[in-house]
Amino acid sequence: MYEAVVIGASAGGLYALRDLLSGLPKGFPAPIAAVQHIAPQSQSYMSEFLSENCALRVKEAEDKEKLMIGCVYMAPGGYHMMIEQDRTLSLSVDDKINFVRPAIDPLFESAARVYKSHLVGIILTGGNADGAMGLRNIKNQGGLAIVQDPLTAESPAMPQAAIDATNVDHILPIVEMAPLLRSLFDGGSNHAYARS
Amino acid sequence: MKDEDVEQIEIDLLLEGIRRRWGYDFRNYSPASLGRRLEHARKEGGYPHLTALLDGLLHDEGEFEKFLKYMSITVTEMFRDPPFYAAVREKLVPLLKTFPFVKIWHAGCATGEEVYSMAILLHEENFLDRVRLYATDFNKYSLDVAEEGVYPLHNIEAYALNYHEAGGKGKLEDYYSAKYDLGKMKDFLKKNITFSYHNLVTDSVFGEMNLICCRNVLIYFDKVLQDRALNLFNDSLRHGGFLCLGSKETINFSSVKKDFETVDSKQRLYRKRSATHV
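Chains A and B supply the protein sequences, listed in that same order.
Positions in the first sequence are counted from 1; adding 4 to them yields the working numbering.
Positions in the second sequence are counted from 1; adding 833 to them yields the working numbering.
The structure is reproduced here in structure tokens:
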């Protein structure tokens, strides 16, 4: 049913991402694309940190890279990251959106166009409103919207903005997200293994 | 028919119209960021639909000039990605210095910040006098800014940090004169730079270069157009010449991959193999 996951996080997001991703098994049957607002120079460290703390492969995105299942793609510092119809990633250095680059909205909006109702969007902790419009796009295309419970977020503004912008499906603490994702993608996993 | 299918028809018509009316071909741009830019241009122009924007672009040259500004990369910095400039200084300049005269092409130079950065670096390596820099772009507005070499002072001051991280040997303020809130790049940096119009999508080989610098331009192209541009660079480089791409761009998905060896994989410095290697 679901084919991809997109995640947006800002202030406090590095540990939130770690806690979420560490609950997912190696070979999780979908690609995961994530934007974490961070200073450009810290970016490659972030991918390494997450990679060391979860079973999935975590890497900084390359332009025109093909999305593979079981891999987490982090938007590079200073670049917006988007998903194309042929399910490759593309990058841009266009103006900041919502005062940030990478921004969550272009990833979510482009992913919603590609995956339509087969997409899961997740907004985690953060101190601004980036991602709220993108999550609304995902809902409008029939996708699933998950938001971190603002009461459990280090910075509640971003999850709250997402909740205010659209009718989200799940409002959860981080610990409950990985089990939900595992159950959502369980059927897909069996199919993928059966084919290969 | 769904809204997005109608929108795709509009995008196709718009790009075809622009190509036939003005000769600019955006059909092989990366669709996701192209779509965002078109949408931005539509909103800024106050048009209800992309086909209404097309109407404006077909019949009003002023509207097309405005549109071109939205379509080209204007986000740039001096010494953007300082480790790249440090790598050029350490790894490429010593090799380039073995030539009596060197030609460098900045393809897609936008408003010129990076070509001035290169000129400063070469000056500090006592090499600028033996180099001709060609800075090209398809956007005449950007080229005018580049040739003028005048930037907001608060931007230039912010570039000082980049300059030092890139291994700058002096002070960035040695290279511009400040007046009010503007900084003008000094003339000795400009005298070896030629600014000219060139479109990577439609124009052909550009001289025989020792180094080509094209950073964060190819990300806006789809794979077909990336391949065209990379072949153009391959054909414009001498054997043993260098190709420098943006830090997230790669030749690995292109047909020219076999023609280059990697000098620095992190900073995306490549060297064209000599004929004997083939």
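Glycine included, every Cβ here is placed at the ideal spot set by N, Cα and C.
Following the DSSP letters along the chain, one finds Glu-64(A) inside the beta strand (DSSP E) bounded by residues 61 to 64. For Thr-1095(B), the pairing in a beta bridge is given by DSSP as Tyr-1103(B). In the displayed model, Tyr-77(A) falls within a strand according to three-state DSSP.
A direct Cα-to-Cα measurement between Lys-1081(B) and Asn-1067(B) gives close to 19 Å. For the 9 Å CB-CB criterion, Met-181(A) and Ile-150(A) form a contact. With a cutoff of 9 Å on beta-carbon distance, Leu-25(A) and Arg-186(A) are scored as not near each other.
Unbroken beta strand (DSSP E) stretches of 3 residues or longer found wholly inside the stretch 76 to 112 of chain A: 84 to 87 and 93 to 96, given in chain order.
Here Lys-68(A) is buried: its Cβ has 16 or more other Cβ atoms, across all protein chains shown, within 10 Å. Per DSSP, Phe-1028(B) is one residue of the beta strand (DSSP E) stretching across 1026 to 1030. Among the residues of the stretch 79 to 91 of chain A, those with a Cβ less than 8 Å away from any Cβ of chain B are Pro-80, Tyr-83, His-84, Met-86, Ile-87, Glu-88 and Gln-89, in the order of the chain. In summary, the residues of the stretch 851 to 871 of chain B whose CB is separated from some CB of chain A by less than 7 Å are Ser-863, Pro-864, Ala-865, Ser-866 and Arg-869, in the order they occur in the chain.
The beta carbon of Glu-158(A) does not come within 9 Å of any beta carbon belonging to chain B, so the residue lies off that interface. Around Ala-865(B), the same chain offers no residue with a beta carbon nearer than 6 Å, after the five sequence neighbours per side are excluded. Burial of Ser-1069(B) is indicated by the presence of at least 16 other C-beta atoms within 10 angstroms of its C-beta. Sixteen is the threshold: when 16 or more other Cβ atoms of the shown chains lie within 10 Å of the Cβ of Ser-51(A), as they do, the residue is buried. With a threshold of 9 Å between beta carbons, Lys-1090(B) makes no contact with chain A.
Scanning chain B for C-beta atoms nearer than 7 Å to the C-beta of Ser-94(A) yields Ser-863, Ala-865, Ser-866 and Ile-1052, reported in chain order. Gly-1000(B) places its beta carbon 9 Å or farther from that of Ile-953(B). Along the stretch 117 to 133 of chain A, the positions whose C-beta sits under 8 Å from a C-beta of chain B are Arg-117, read in chain order. Per DSSP, Gln-145(A) is not a residue of any alpha helix (DSSP H), being assigned neither H nor E. Taking a cut-off of 8 Å on C-beta distances, the stretch 975 to 995 of chain B does not touch the stretch 1037 to 1049 of chain B, as fewer than three cross pairs fall below it.
The beta carbon of Thr-884(B) sits closer than 8 Å to the beta carbons of Glu-843, Leu-846 and Leu-847 from its chain, once the five residues preceding and following it are set aside; these are given in chain order.
Think of a sphere of 7 Å around the beta carbon of Ser-114(A): the chain B residues whose beta carbon falls inside it are Ala-865, in chain order. Under the three-state reduction of DSSP, His-882(B) is assigned to coil, being neither helix nor strand. Judged by DSSP secondary structure, Ala-8(A) falls within the beta strand (DSSP E) whose first and last residues are 8 to 13. At a cut-off of 9 Å, the C-beta of Ala-136(A) has no neighbouring C-beta in chain B. Of all C-beta pairs linking the stretch 101 to 110 of chain A to the stretch 129 to 136 of chain A, three or more are shorter than 8 Å, placing the two stretches in contact.
When 8 Å is used as the limit between beta carbons, Lys-63(A) is near no residue of chain B, the shortest such separation being about 12 Å.
Using a CB distance below 7 Å, the part of the stretch 1079 to 1105 of chain B facing chain A consists of Lys-1081, Glu-1082, Thr-1083 and Phe-1086, ordered along the chain. Excluding residues up to 5 positions away in sequence, Asp-1060, Leu-1063 and Asn-1064 lie with their Cβ nearer than 8 Å to the Cβ of Ser-1088(B) in the same chain. In the displayed model, Gly-1074(B) falls within a strand according to three-state DSSP. Rounded to the nearest angstrom, the gap between the Cα atoms of Tyr-49(A) and Phe-189(A) is 29 Å. The C-alpha of Ile-937(B) lies about 47 Å from the C-alpha of Pro-33(A). According to DSSP, residue pairing for Thr-969(B) in a beta bridge involves Ala-940(B) and Ser-1029(B).
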